[in-house]
Amino acid sequence: MFSNLEQTFRWYGPSDPVSLQAISQTGATSIVTALHHVPAGEVWTIDEIEKRKNLIRSAGLRWSVVESVNVHESIKTASPDREQYAEKYIATLKNLAASDIRIVCYNFMPVLDWTRTDIDFRLNNGASALRFHAPALAAFDLFILEREAAFLEFSNEQQVLAKAYLDGLNPDEKKLLINNIMAGLPGTKDVLTLEQFKGHLEKYTGIDAAQLKKNLAWFLQAVIPEAEKMGIRLCIHPDDPPCPILGLPRVVSKEEDLLDLINASPSIANGLTFCTGSLGARRDNDLPGMIDRLGKHIHFLHLRNVKREADGSFYEDNHLEGSSDMYAIMKSILAEQKRRADSGRTDIAIPMRPDHGHKLLDDFNYDTFPGYSAVGRLKGLAELRGLELGIKKTLYA
Ligand code: DNO
3 MFSNLEQTFR WYGPSDPVSL QAISQTGATS IVTALHHVPA GEVWTIDEIE KRKNLIRSAG
63 LRWSVVESVN VHESIKTASP DREQYAEKYI ATLKNLAASD IRIVCYNFMP VLDWTRTDID
123 FRLNNGASAL RFHAPALAAF DLFILEREAA FLEFSNEQQV LAKAYLDGLN PDEKKLLINN
183 IMAGLPGTKD VLTLEQFKGH LEKYTGIDAA QLKKNLAWFL QAVIPEAEKM GIRLCIHPDD
243 PPCPILGLPR VVSKEEDLLD LINASPSIAN GLTFCTGSLG ARRDNDLPGM IDRLGKHIHF
303 LHLRNVKREA DGSFYEDNHL EGSSDMYAIM KSILAEQKRR ADSGRTDIAI PMRPDHGHKL
363 LDDFNYDTFP GYSAVGRLKG LAELRGLELG IKKTLYA
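For the sequence shown, the tail end lands on 399 under our numbering, and the numbers increase by one without skipping.
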């Protein structure tokens, strides 16, 4: 029988309240991390990479995936200095390859990484989840950011609902909403000010989805041939949420986008992070079908489930519940592994991580990064590995 998925856990580095030792008790064998202290665009030195790698190794774990080497805004906006940032990106990849770390996740979301409006949404059982509430984002866009075009983009009904939502918030709640949306890169506690954010938005004037796709293709054509030579596999993370927000285009949201991306620079080095939580927030993304069709390009799996609501809102559900059929997804993943095994590919143990988790039980005693609790993710991982094993023994024993 072919090998199991590689069970990984994201770790934000030495400042993460979830320790490496705790992670090793979850059953995960590998770590997903990044040098979060290095600003986007700067080169990761071999020294720094090795230091981090040794720390992970000394806990009996392996650093198998980098999430993420972030792409500098100059590349996303095609600024005149983009060549220089592509060169630095390649230099970082070279150093990672020298340390034998070869799977590298990144994203191409303008300005903001993933966006949630509520990072403490309480479920009936008292667990805390992450939520994207569409009226809250609209309220922020229309009445806090006061972006003019937003008044043309939202329907009258959406504007009324957004206003009602905003009027129901007290000043502290309003501040929290701003902080949640303006939170900077994962693994940092940085929050953009409204002024800084407006400055970023201006740089995207005139950049629509078609242009952003061209900028992404330019990046791929610059970096992928180099990555291929080094044996590095890049894997793009989809947009979260998978739609344009705050006037910013997004181009990694649906199957067609993923195909365009692959075709922009066809290579084993040009792959996907298949995030079922991000892609699953769109009703028109057929996740098992996408795995069947695009599976060979998947180098990394984020397994998570969202519960979609009619107005575009969603919250993060238990890993096996929510709007996506995790059983069907896992079945498609196993079929992809089987195809790889049959065709002689060696990358069968695709790294997967339980993406996000509720805050549960002892998690409330720690100030963990939103979504990155210990017990909640342990529960997710345990359920997912059980599902994997059950399907595998039934279908492929
Ligand atoms: C959130 C994550 C994202 C992801 C990046 C990948 O939990 O899935 O922040 O790491 O977008 O570059």
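Virtual Cβ for every residue (Gly too), placed ideally from N, Cα, C.
Which of the three DSSP states, helix, strand or coil, is assigned to D120?
Taking the sequence shown and counting its residues from 1, the one referred to as residue 120 is at position 118. Here D120 sits in strand by DSSP.
Using DSSP bridges, identify the partner residues of K361.
For the purposes of this step, residue 361 is identified with residue 359 of the sequence shown, where counting begins at 1. Beta-bridge pairing links K361 to S130.
Should P244 be counted as a contact of the ligand DNO given a C-beta to heavy atom distance under 7 Å?
Residue numbering aside, residue 244 sits at position 242 when the sequence shown is read from its first letter. No, the Cβ of P244 stays beyond 7 Å of every heavy atom of the ligand DNO.
Is C277 near the ligand DNO, judged by its Cβ being under 7 Å from some heavy atom?
On the sequence shown, position 275 is the one that residue 277 refers to. Within the cutoff, so yes.
So what's F371 in DSSP terms, helix, strand or just coil?
Numbered from its first residue, the sequence shown carries residue 371 at position 369. In the structure shown, F371 sits in coil (DSSP, three-state: anything other than H, G, I, E or B).
Go through its chain and collect everything with a Cβ distance to I209's Cβ below 7 Å, but skip five positions before and after it.
Along the sequence shown, one-based indexing puts residue 209 at 207. T79, P251.
Could you tell me if Q339 is buried or exposed, where buried requires 16 or more neighbouring beta carbons within 10 angstroms of its beta carbon?
As a position in the sequence shown, residue 339 is number 337, starting the count at 1. Under this definition Q339 is a buried residue.
Rounded Cβ spacing between L179 and T119 (contact assumed at less than 8 Å):
As a first step, residue 179 must be located in the sequence shown, where it is residue number 177. As a first step, residue 119 must be located in the sequence shown, where it is residue number 117. Going by Cβ atoms, the distance from L179 to T119 rounds to 6 Å, so yes, they are a contact pair.
Taking the alpha carbon of F156 as the point to measure from, which residue in Y14, L171, A138 has its own alpha carbon closest?
Mapped onto the sequence shown, residue 156 falls at position 154. Considering only alpha carbons, the answer is A138.
Quick one: give me the first and last residue of the beta strand (DSSP E) that T275 is part of.
If you number the sequence shown from 1, residue 275 lands on position 273. If you look at T275, you'll find it in the beta strand (DSSP E) that goes 272–277.
Closest by CA to L389, which one among P372, D365, D349, D327?
Translated into positions along the sequence shown, residue 389 becomes position 387. Of P372, D365, D349, D327, the residue nearest in Cα terms is D327.
Tell me whether the beta-carbon of S315 lies closer than 8 Å to the beta-carbon of A136.
Along the sequence shown, read from residue 1 onward, the residue named residue 315 stands at position 313. Along the sequence shown, read from residue 1 onward, the residue named residue 136 stands at position 134. Here S315 is near A136, since their CB atoms are less than 8 Å apart.
Which whole-angstrom value describes the C-beta separation of V34 and V67, a residue pair presumed to lie in contact below a C-beta threshold of 8 Å?
Against the sequence shown, residue 34 aligns to sequence position 32. Against the sequence shown, residue 67 aligns to sequence position 65. Right, the Cβ-Cβ distance comes to about 4 Å (below 8 Å), so this counts as a contact.
Just reading off the alpha helix (DSSP H) that V377 is part of, what are its end residues?
To locate residue 377, count along the sequence shown from 1; it is residue 375. Run containing V377: 377–398, per the alpha helix (DSSP H) assignment.
Here's a check: name, in chain order, each residue in its chain whose Cβ is nearer than 6 Å to the Cβ of V71, leaving out the five neighbours to either side.
Within the sequence shown, numbered from 1, the residue matching residue 71 stands at position 69. Correct list, in chain order: T94, V106, Y108.
Would the beta-carbon of H304 be found less than 7 Å away from any heavy atom of the ligand FMN?
Of the ligands this structure carries, namely the ligand DNO, none is the ligand FMN.
Quick one: grab the DSSP three-state call for K309.
Walking along the sequence shown from the start, residue 309 turns up at place 307. In the structure shown, the three-state DSSP call for K309 is strand.
Any heavy atom of the ligand DNO closer than 7 Å to the CB of W116?
Taking the sequence shown and counting its residues from 1, the one referred to as residue 116 is at position 114. Yes, Cβ of W116 sits closer than 7 Å to a heavy atom of the ligand DNO.
Candidates G279, D143, S375, N56: closest to N307 by CA position:
Within the sequence shown, numbered from 1, the residue matching residue 307 stands at position 305. Out of G279, D143, S375, N56, G279 has the C-alpha closest to the C-alpha of N307.
Please work out which residues of its chain come closer than 7 Å, Cβ to Cβ, to V377, disregarding the five sequence neighbours upstream and downstream, and give them in chain order.
For this step, residue 377 is matched to residue 375 along the sequence shown. Closer than 7 Å at Cβ, skipping near neighbours: L362, L363, D364, D365.
CA-CA distance, Q161 and L397?
On the sequence shown, residue 161 is found 159 positions in, with the first residue counted as 1. On the sequence shown, residue 397 is found 395 positions in, with the first residue counted as 1. Their backbone Cα atoms lie some 50 Å apart in a straight line.
Take the Cβ of A212 as the centre, count every other Cβ of all protein chains shown within 10 Å, and call the residue buried at 16 or more, exposed below.
Position 210 of the sequence shown holds residue 212. So A212 ends up on the exposed side.
Near the ligand DNO: G273 beta-carbon under 7 Å from a heavy atom:
As a first step, residue 273 is located in the sequence shown; it is residue number 271 there, counting from the start. In this structure, the C-beta of G273 stays at least 7 Å away from each heavy atom of the ligand DNO.
Any non-hydrogen atom of the ligand DNO within 7 Å of S70 CB:
If you number the sequence shown from 1, residue 70 lands on position 68. Correct: S70 has its Cβ closer than 7 Å to the ligand DNO.
Since S267 and L222 are thought to touch, with beta carbons under 8 Å apart, how far apart are those beta carbons, to the nearest angstrom?
On the sequence shown, position 265 is the one that residue 267 refers to. On the sequence shown, position 220 is the one that residue 222 refers to. Correct: roughly 4 Å between the Cβ atoms.
Excluding five sequence neighbours on each side, which residues of the same chain lie with their C-beta closer than 8 Å to the C-beta of F145?
Residue 145 sits at position 143 when you count from the first residue of the sequence shown. Listed in chain order, the non-local C-beta contacts of F145 below 8 Å within the same chain comprise A164, K165, L168, local neighbours out to five positions each way being set aside.
Taking D259 as the reference, give the member of G273, A99, I92, S101 with the closest Cα.
Locating residue 259 in the sequence shown gives position 257, counting from the first residue. Cα-wise, what sits closest to D259 is G273.
If we ignore side chains and look at the alpha-carbon of each, how far apart do N217 and E50 end up?
Start at 1 with the first residue of the sequence shown, and residue 217 comes out as number 215. Start at 1 with the first residue of the sequence shown, and residue 50 comes out as number 48. Distance between the alpha carbons of N217 and E50 is about 30 Å.
With a 10 Å radius around its C-beta and 16 neighbouring C-beta atoms as the bar for buried, classify S76 as buried or exposed.
By 1-based counting over the sequence shown, the position of residue 76 is 74. Buried: at least 16 other Cβ atoms inside 10 Å.
Any idea what DSSP makes of R155, helix, strand or coil?
Locating residue 155 in the sequence shown gives position 153, counting from the first residue. The sequence shown places Glu at residue 155, not Arg. Note: E155 maps to helix in three-state DSSP.
Measuring alpha carbon to alpha carbon, tell me which residue in G249, N6, L261, K200 is nearest A219.
For the purposes of this step, residue 219 is taken as the residue at position 217 of the sequence shown. Selected option, being the one with the closest Cα: L261.
Nearer than 7 Å: is that true of the beta carbon of C107 relative to any heavy atom of the ligand DNO?
What you label residue 107 is simply residue 105 of the sequence shown in a count that begins at 1. Yes, since a heavy atom of the ligand DNO falls inside the 7 Å radius drawn around the Cβ of C107.
Can you give the Cα-Cα distance for R310 and G189, rounded to whole angstroms?
Position 308 of the sequence shown, counted from the start, is the residue given in the question as residue 310. Position 187 of the sequence shown, counted from the start, is the residue given in the question as residue 189. Cα to Cα, R310 sits roughly 26 Å from G189.
Identify, in the order they occur along the chain, each residue of the same chain with its Cβ nearer than 7 Å to the Cβ of G186, setting aside the five sequence neighbours on each side.
As a working note, residue 186 is residue 184 in the sequence shown. For G186, the CB contacts under 7 Å within the same chain, skipping 5 residues up- and downstream, are D192, V193, L194 in chain order.
Classify Y374 as buried or exposed, calling it buried when 16 or more other Cβ atoms lie within 10 Å of its own Cβ.
As a working mapping, residue 374 is identified with position 372 in the sequence shown. So Y374 ends up on the buried side.
Roughly how many whole angstroms lie between the Cα atoms of A100 and T47?
Walking along the sequence shown from the start, residue 100 turns up at place 98. Walking along the sequence shown from the start, residue 47 turns up at place 45. In this structure, the straight-line span from the alpha carbon of A100 to that of T47 is close to 10 Å.
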